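K.L.:
I am attaching a structure below and will ask some questions about it afterwards.
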Amino acid sequence: MPTSDASGLDVEAIREDFPILERKIGGDVTVPGPDETDDQPLYYLDNAATSHTPRQVVEAMTDYYYEYNSNVHRGIHSLSQEASIAYEEAHDRAAEFVGADGREEVVFTKNTTEAFNLVAYTWGLTELEPGENVVTTQMEHHASLVTWQQLCEKQGAEIRYVEIDEDGRLDMDDLRSKVDDDTAMVSAVHVSNTLGTINPVSEITDIAHEHGALSFIDGAQAVPTRPVDVAEIDADFYAFSGHKMLGPTGIGVLYGKQHLLEELPPFLVGGAMIRRVEFEGTTWEDLPWKFEAGTPPIAEAVGLTAAIDYLEDVGMEAIERHESELARYAYDRLSEFDDIEIYGPHEERGGLVGFNLEGVHAHDLSSILDDHGVAVRAGDHCTQPLHDVLGVPASTRASFYLYNTREEIDELIDAVDTARQLFA
Numbered sequence: 001m002p003t004s005d006a007s008g009l010d011v012e013a014i015r016e017d018f019p020i021l022e023r024k025i026g027g028d029v030t031v032p033g034p035d036e037t038d039d040q041p042l043y044y045l046d047n048a049a050t051s052h053t054p055r056q057v058v059e060a061m062t063d064y065y066y067e068y069n070s071n072v073h074r075g076i077h078s079l080s081q082e083a084s085i086a087y088e089e090a091h092d093r094a095a096e097f098v099g100a101d102g103r104e105e106v107v108f109t110k111n112t113t114e115a116f117n118l119v120a121y122t123w124g125l126t127e128l129e130p131g132e133n134v135v136t137t138q139m140e141h142h143a144s145l146v147t148w149q150q151l152c153e154k155q156g157a158e159i160r161y162v163e164i165d166e167d168g169r170l171d172m173d174d175l176r177s178k179v180d181d182d183t184a185m186v187s188a189v190h191v192s193n194t195l196g197t198i199n200p201v202s203e204i205t206d207i208a209h210e211h212g213a214l215s216f217i218d219g220a221q222a223v224p225t226r227p228v229d230v231a232e233i234d235a236d237f238y239a240f241s242g243h244k245m246l247g248p249t250g251i252g253v254l255y256g257k258q259h260l261l262e263e264l265p266p267f268l269v270g271g272a273m274i275r276r277v278e279f280e281g282t283t284w285e286d287l288p289w290k291f292e293a294g295t296p297p298i299a300e301a302v303g304l305t306a307a308i309d310y311l312e313d314v315g316m317e318a319i320e321r322h323e324s325e326l327a328r329y330a331y332d333r334l335s336e337f338d339d340i341e342i343y344g345p346h347e348e349r350g351g352l353v354g355f356n357l358e359g360v361h362a363h364d365l366s367s368i369l370d371d372h373g374v375a376v377r378a379g380d381h382c383t384q385p386l387h388d389v390l391g392v393p394a395s396t397r398a399s400f401y402l403y404n405t406r407e408e409i410d411e412l413i414d415a416v417d418t419a420r421q422l423f424a
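Going by UniProt numbering, the residue at position 206 of the sequence shown is 206; the numbering climbs one at a time, nothing skipped.
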């Protein structure tokens, strides 16, 4: 497939780094991997759920297992030292990638969900008091919304939800009215995984700070697809996941301002996060290791470093332009059908489009699309309250990344049209 736009990406060359994009599907799904009965080309448009992994990332992780596999921060021998250096440098690369001051501000977690829980169980259980409130939004992922909801319930605090307008944008006037001097935390998603809305996170953080509150930005859909500078945003906490940015599953990143992380108690305790243990008490290791108990995700950290290297080699500005162009194209093509409802803004949106075909459940539509090789997400996308606001039980979501093309979107449109005729 040729390069699909003027973003500057050589999409054809990029696709060669992702062998999975060449496989066919349609055979026996109970047997993982290719099957001799597979006969349908794959058009993968489910990148907001997880991205694919290039050869370079897989090879970096393979090199770790084949060449210097060892535990970190535990041995004097050469393999342990090599693994420790690679693991520590992964923190440095992640810090550089998002504009943090250094490795002390980067904690490796399993995923974005664990990053939210880490802050909730450390800051929240020690600092959030009855009568205070947490302000979040109607468009939050369950990783954020449920975490704050349960924390507020435990602490006797109030949770407030900022509404969205008819275009799927955050109502900033409502945000300003709900953040007050009793607000302890303002938490917002950077890019909505359902609407594609890009929120003004710097402004949101400024509003929080004006009232003495902290800010936590969910960057799971932003960091993979656009330049992010946490210092410029001035977020107190910011989280993202490796598997959505060409990296492996099982590793996420929590950015936190150093002075805040230093004040927080550990989330998990045990090996590796201690400096000294005595029968009478324990002292904690320095940042970021204080929050990384036990054997950490070493291979995954190596893979994350390789993923960051890959993204920076391609260029985050070019990736953002490419993804935005694909999202506009998909929005415009879907708009050709008068029985399709599209959610979220037309302009200034992330690289995904959520929609519904009138009279057809999203799961049924997704099944038909899969018969045509088109992989999309169907359901509530871990945003059930948002779907309640939209007045629908579920939606279909097509999401795009650096290896996708206009031609794949055309395949999506053709498959949607087939479904329209089938259910007419």
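Even glycine gets a Cβ: it sits at the ideal position worked out from N, Cα and C. Please read all numbers here as calculations on a predicted model, not as lab measurements.
(1) Are Pro345 and Arg169 close, meaning C-beta to C-beta below 8 Å?
(2) In terms of residue numbering, what span does the alpha helix (DSSP H) encompassing Arg349 cover?
(3) Suppose you measure from the CA of Tyr66 to the CA of Leu304; what does that come to, to the nearest Å?
(4) So is Thr37 buried or exposed if we call it buried at 16+ other beta carbons inside 10 Å?
(5) Nearest CA to the CA of Val374: which residue from Thr405, Gly242, Leu195 and Pro265?
(6) Identify the continuous beta strand (DSSP E) that holds Thr283 and give its terminal residues.
(7) At what residues does the alpha helix (DSSP H) containing Tyr310 begin and finish?
(8) Please report how far the alpha carbon of Leu246 lies from the alpha carbon of Met172, in whole angstroms.
(9) Measure how close the beta-carbons of Leu195 and Tyr343 come, nearest whole angstrom, since I'm counting them as under 8 Å.
(10) Please classify Thr3: does DSSP put it in a helix, a strand, or coil?
(11) To the nearest angstrom, report how far apart Arg276 and Thr283 are at their CA atoms.
(12) Can you find the residues in the same chain that come closer than 6 Å, C-beta to C-beta, to Met61, ignoring five residues on each side of it along the sequence?
(13) Are the CB atoms of Thr136 and Trp148 within a distance shorter than 8 Å?
(14) In terms of DSSP beta bridges, what is Cys161 paired with?
(15) Closer than 6 Å by C-beta to Leu261: which residues in its own chain qualify, once you throw out the five before and the five after it? Chain order, please.
(16) Under 8 Å, do Gly350 and Gln221 count as touching if we go by C-beta distance?
(17) Do you know how far the Cα of His73 is from the Cα of Glu312?
(18) Go ahead and label Tyr87 buried or exposed: buried means 16 or more other beta carbons lie within 10 angstroms of its beta carbon, across all protein chains shown.
(19) Over what stretch of residues does the beta strand (DSSP E) that includes Asp218 continue unbroken?
(20) Are the beta-carbon atoms belonging to Thr396 and Ala424 less than 8 Å from one another?
(21) Does the pairing of the stretch 126-136 with the stretch 94-114 give three or more beta-carbon distances under 8 Å?
(22) Is it buried or exposed for Ile76, if we count other Cβ within 10 angstroms and need 16 for buried?
(23) Where does Leu259 land, buried or exposed, given buried means 16+ other C-beta within 10 angstroms?
(24) Report the rounded CA-to-CA distance for Val134 versus Cys382, giving the unit in angstroms.
(25) Whole-angstrom Cβ separation of Asp46 and Arg333, contact assumed at under 8 Å?
(26) Buried or exposed: which applies to Thr113, given that a residue is buried once 16 or more other Cβ atoms fall within 10 Å of its Cβ?
(27) Quick one, are the C-beta atoms of residue 425 and Ser399 less than 8 Å apart?
(28) Is it the case that the Cβ atoms of Leu422 and Ile368 are separated by a distance below 8 Å?
P.N.:
From the atom records:
(1) A distance below 8 Å separates the beta carbons of Pro345 and Arg169.
(2) Counted as a single uninterrupted DSSP element, the stretch harbouring Arg349 is not any alpha helix (DSSP H), since DSSP gives it neither H nor E.
(3) The alpha-carbon of Tyr66 is positioned some 17 Å away from that of Leu304.
(4) In this structure Thr37 is exposed. Its beta-carbon is surrounded by fewer than 16 other beta-carbon atoms within 10 angstroms.
(5) Measuring from the Cα of Val374, the nearest candidate turns out to be Thr405.
(6) From DSSP, the beta strand (DSSP E) with Thr283 extends over Gly281 to Trp284.
(7) Residues Ile298 to Val314.
(8) Between Leu246 and Met172, the alpha-carbon positions lie close to 33 Å from each other.
(9) Between Tyr343 and Leu195 the Cβ distance is about 5 Å, and since that is below 8 Å, they are a contact.
(10) Confidence at Thr3 is low in this model, with a pLDDT of 45, below 50, so its placement is unreliable and no value can be given for it.
(11) Arg276 and Thr283: Cα-Cα distance of roughly 5 Å.
(12) Correct list, in chain order: Ala299, Val302 and Gly303.
(13) In terms of Cβ geometry, Trp148 and Thr136 form a close pair [threshold 8 Å].
(14) Note on identity: in this sequence residue 161 is Tyr, with Cys being the wrong assignment. Looking at the DSSP output, Tyr161 sits in a beta bridge with Thr136.
(15) For Leu261, where only same-chain residues beyond five positions count, the Cβ hits under 6 Å are Leu287.
(16) Yes.
(17) Between Glu312 and His73, the C-alpha separation is close to 29 Å.
(18) Taking a 10 Å sphere around the C-beta of Tyr87, we find 16 or more other C-beta atoms and assign the residue as buried.
(19) First-last of the beta strand (DSSP E) with Asp218: Leu214 to Asp218.
(20) Taking 8 Å as the Cβ cut-off, Thr396 and Ala424 do not qualify as a contacting pair.
(21) The stretch 126-136, when compared against the stretch 94-114, does not touch it at the 8 Å Cβ threshold.
(22) Label assigned to Ile76: exposed.
(23) Checking the displayed sequence, the identity of residue 259 turns out to be His instead of Leu. Sixteen is the threshold: since fewer than 16 other Cβ atoms of the shown chains lie within 10 Å of the Cβ of His259, the residue is exposed.
(24) The C-alpha of Val134 lies about 20 Å from the C-alpha of Cys382.
(25) Arg333 and Asp46 do not touch by the CB rule: their CB atoms are close to 18 Å apart, not below 8 Å.
(26) Per the 10 Å Cβ criterion, buried.
(27) Outside the displayed span of the chain (1 to 424) sits residue 425, for which this structure offers no information.
(28) With respect to the 8 Å criterion, Leu422 and Ile368 are classified as neighbours on the basis of their beta carbons.
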